[in-house]
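Chains as they are written, first to last, in the numbering used here: chain V, 19 to 230; chain F, 796 to 805.
For every residue, glycine included, the Cβ atom is placed at its ideal position computed from N, Cα and C.
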Amino acid sequence: MTLFRLAGDLSHVLAILLLLYKIWTTKSAAGISGKTQLMFCMVYVTRYLDLFTSFISVYNSTMKVLFISASVATVYLIYFKFKATYDGNHDTFRMEFVIVPALILALIWNYAFTFFEISWAFSIFLEAVAILPQLFMVTKTGEAENITSHYLFALGSYRALYILNWIDRYYFEGHWDPIAVTAGIVQTVLYGDFFYLYFTRVIKGRKLQVLP
Amino acid sequence: SGATASKDEL
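Put into structure tokens, the structure is as follows:
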């Protein structure tokens with residue numbers, strides 16, 4: 019466990035808790051893409067199939083349970099409990115445009131043509147693009163609540179920190195995971211524009227506005 | 796190889 023990976027996981031947990039906090043306290047899913055959250059659910063379920071078959075550590079299992087349960091809870095809040103506040107008109111990204119390519123790529127590029135490895139690769143590829151509906155929604159609505167911006171910053175930072183972890187592991191352990199690293203770089207690059215807006219606006223106390 | 800490299804990661 020490198021420090022970067024621990025920082026990345028904590029940033030990930032922070033993001034998940036920030037989103038639950040925002041929806042629960044404002045009793046509103048306004049500005050949140052349900053489609054992104056649905057895809058995150060898929061990401062965790064397809065990635066952690068080994069939750070009950072391979073025990074790595076208490077930390078590893080606890081985090082997997084947390085990620086799966088928190089993402090299910092988030093989807094429940096958006097599509098059921100606070101359904102009336104879900105802004106479906108602005109959450110128009112076609113999920114199949116990312117789910118299908120991720121599945122096809124996983125069938126082509128995987129470490130073994132087994133259900134588990136294909137499911138894992140699908141999860142890695144899907145996670146890289148799952149944020150797209152949310153980023154599209156922010157550009158469509160033209161702005162994001164501050165807490166939503168902080169959520170996105172924490173979420174984008176998590177995989178960026180993982181990249182540092184992979185560099186660290188390659189340097190010290192001499193191996194790396196091409197699938198995870200490639201997808202992780204794509205995932206982090208997709209936040210590029212958001213990171214720019216975050217650092218130039220939100221940090222200075224202004225609302226995140228996507229300039230028209 | 797890459798396979799086991801990051802299965803201990805989340």
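Check	Outcome
Sequence-distant residues of the same chain with beta carbon closer than 6 Å to V/Glu135, five excluded per side	Asn128 and Tyr129
C-beta neighbour in chain F for V/Arg23, strict 8 Å	yes
Residues, ordered as in the chain, of the stretch 198-220 of chain V that lie near chain F by beta-carbon distance below 9 Å	Ala198 and Val199
Cutoff 8 Å: V/Ile74 Cβ touching any chain F Cβ	yes
Test: V/Asn78 CB closer than 8 Å to a CB of chain F	yes
Cβ of V/Asp234 within 8 Å of any chain F Cβ	What the structure shows of chain V is the stretch from 19 to 230, and residue 234 of chain V is not part of that stretch, so it cannot be assessed.
Any chain F beta carbon closer than 8 Å to V/Lys82	yes
As assigned by DSSP and simplified to three states, the class of V/Leu146	For the sequence presented, residue 146 of chain V should be read as Ala rather than Leu. Residue state, collapsed to three classes: helix.
Simplified DSSP assignment, three categories, for V/Ala48	coil
V/His30 versus V/Tyr176 - alpha carbon distance	5 Å
Partner residues on chain F for V/Asp186, Cβ-Cβ distance less than 9 Å	The contacting residues do not exist; V/Asp186 stays about 12 Å from chain F at best.
Three-state class that DSSP yields for V/Ala102 in the structure shown	helix
Whole-number beta carbon distance between V/Lys40 and V/Tyr169, since they are thought to touch under 8 Å	7 Å
Contacting residues, own chain, Cβ-Cβ under 7 Å from V/Ala48 (five flanking each side not counted)	Thr103 and Asp105
CB contact check: V/Asp195 to chain F, cutoff 8 Å	yes
For V/His108, the nearest candidate out of V/Ser89, V/Gly52 and V/Ala88 (CA to CA)	V/Gly52
Cβ-Cβ separation, V/Ile149 to V/Ile181 (assumed contact under 8 Å), whole Å	V/Ile181 to V/Ile149, Cβ: 16 Å. No contact.
Nearest-angstrom Cβ-Cβ length linking V/Leu56 and V/Val93, presumed shorter than 8 Å	6 Å
Close beta carbons around V/Thr166, own chain, < 6 Å, minus the five adjacent residues each side	Gly49
V/Ile183 - containing alpha helix (DSSP H), residue span	Checking the sequence, you will find Asn at residue 183 of chain V rather than Ile. Taken as a continuous stretch (DSSP letters only), the alpha helix (DSSP H) holding V/Asn183 covers Asn164 to Glu191.
Proximity below 8 Å, CB of V/Leu229 to CB of V/Val220	no
Residue range of the unbroken alpha helix (DSSP H) whose run includes V/Lys82	Val76 to Tyr94
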